[in-house]
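**Student:**
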Amino acid sequence: MSAHNHINFKEVSFLPAKLDGLLMSDTIFINEDLDPHEKNAIVAEEIGHYYTVSSRITDYENMNEYKYELKGRRLGYEFNVPIQKIIECYELGLSNIHEMAEHLELPEEYICEALKHYEIKYQNKLFYKDCLITFNPLKIIED
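Put into structure tokens, the structure is as follows:
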């Protein structure tokens with residue numbers, strides 16, 4: 001988190017409305033009971049909110065607030081699972097979601113969501129450096 005040293009992080013036992021993380025001003029509060037991989041995912045999403053939302057998201061029925069929620073989540077995916085890390089996993093011979101999740105210290109479901117995000121963003125194909133990446137199914141072909 002050194003890239004975000006202007007943001008404070010505090011683990012707490014109390015958060016409202018079943019939240020696992022909450023951004024208030026320049027402090028991210030995180031549920032202390034989460035496992036470390038879940039904490040990494042939640043912190044990244046809250047950092048995404050820090051950079052994309054000017055007010056607290058409280059009403060998920062409101063379409064504009066929901067859009068900000070999704071925007072923060074997507075930024076979190078790109079922070080935690082950047083394309084270069086996907087290629088790194090491939091180069092290390094990590095062949096499934098479980099191995100990727102362990103290497104990146106994130107929940108398996110989060111890896112799947114990040115790959116789905118990239119599948120939608122890049123219409124399932126991305127040429128990156130010397131690689132062709134398809135996200136569903138995940139496949140990397142080096143040039």
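The numbering of the sequence shown is the UniProt record's numbering, which starts it at 1 and goes up by one. Glycine included, C-beta positions come from ideal geometry on N, C-alpha and C. Everything numeric in this text was worked out from a predicted model, so none of it was measured.
Do LEU138 and LEU132 have their C-beta atoms closer together than 9 angstroms?
**Tutor:** Taking the first residue of the sequence shown as position 1, residue 138 is located at position 138. Taking the first residue of the sequence shown as position 1, residue 132 is located at position 132. Result no, Cβ atoms of LEU138 and LEU132 do not sit closer than 9 angstroms.
**Student:** Starting from the C-beta of ASN8, find all residues in its chain whose C-beta is less than 8 angstroms away, skip the five residues before and the five after it, and write them out in chain order.
**Tutor:** Translated into positions along the sequence shown, residue 8 becomes position 8. Only ASP26, THR27 and ILE28 meet the Cβ criterion.
**Student:** Looking at GLY48: is its Cβ nearer than 9 angstroms to the Cβ of LYS71?
**Tutor:** By 1-based counting over the sequence shown, the position of residue 48 is 48. By 1-based counting over the sequence shown, the position of residue 71 is 71. Yes, Cβ-Cβ distance for GLY48 and LYS71 is below 9 angstroms.
**Student:** Would ILE83 pass as a contact of TYR51 if the rule is Cβ separation under 9 angstroms?
**Tutor:** Position 83 of the sequence shown, counted from the start, is the residue given in the question as residue 83. Position 51 of the sequence shown, counted from the start, is the residue given in the question as residue 51. Their beta carbons are not under 9 angstroms apart, which means ILE83 does not touch TYR51 by this criterion.
**Student:** Quick one: what does DSSP say TYR122 is sitting in, helix, strand or coil?
**Tutor:** Counted from its first residue, the sequence shown places residue 122 at position 122. TYR122: coil per DSSP, three-state reduction.
**Student:** Helix, strand or coil, according to DSSP, for ILE7 in the structure here?
**Tutor:** By one-based count along the sequence shown, residue 7 stands at place 7. In the structure shown, ILE7 sits in coil (DSSP, three-state: anything other than H, G, I, E or B).
**Student:** Between which two residues does the beta strand (DSSP E) harbouring GLU99 extend?
**Tutor:** Mapped onto the sequence shown, residue 99 falls at position 99. Counting along the chain, GLU99 falls outside any beta strand (DSSP E), though it belongs to the alpha helix (DSSP H) covering 97-104.
**Student:** Which of the three DSSP states, helix, strand or coil, is assigned to LYS129?
**Tutor:** In the sequence shown, residue 129 corresponds to position 129, counting from 1. Of the three classes helix, strand and coil, the one that applies to LYS129 here is coil, per DSSP.
**Student:** Less than 9 angstroms between the C-beta atoms of GLU45 and LEU75, yes or no?
**Tutor:** Here residue 45 refers to the residue found at position 45 when the sequence shown is read from its first residue. Here residue 75 refers to the residue found at position 75 when the sequence shown is read from its first residue. Result yes, Cβ atoms of GLU45 and LEU75 sit closer than 9 angstroms.
**Student:** Within this structure, are the beta carbons of TYR110 and ASN80 separated by less than 9 angstroms?
**Tutor:** On the sequence shown, residue 110 is found 110 positions in, with the first residue counted as 1. On the sequence shown, residue 80 is found 80 positions in, with the first residue counted as 1. The answer is yes: Cβ separation under 9 angstroms.
**Student:** For PRO36 and LYS129, I'd like the C-alpha separation in whole angstroms.
**Tutor:** Indexing the sequence shown from 1 puts residue 36 at position 36. Indexing the sequence shown from 1 puts residue 129 at position 129. Straight-line Cα distance between these residues: approximately 32 angstroms.
**Student:** Grouping DSSP H, G and I as helix and E and B as strand, with all else coil, what is PHE14?
**Tutor:** The sequence position of residue 14 within the sequence shown is 14, counting from 1. In this structure, PHE14 counts as coil in the three-state DSSP scheme.
**Student:** Have a look at GLU99 and GLU113 and give me their C-alpha separation to the nearest angstrom.
**Tutor:** Translated into positions along the sequence shown, residue 99 becomes position 99. Translated into positions along the sequence shown, residue 113 becomes position 113. Each residue's alpha carbon lies about 15 angstroms from the other.
**Student:** Could you pull the start and end residues of the beta strand (DSSP E) that GLU142 belongs to?
**Tutor:** Counting from one through the sequence shown, the residue named residue 142 turns up at place 142. It spans 138-142 - the beta strand (DSSP E) in which GLU142 sits, taken as one unbroken run.
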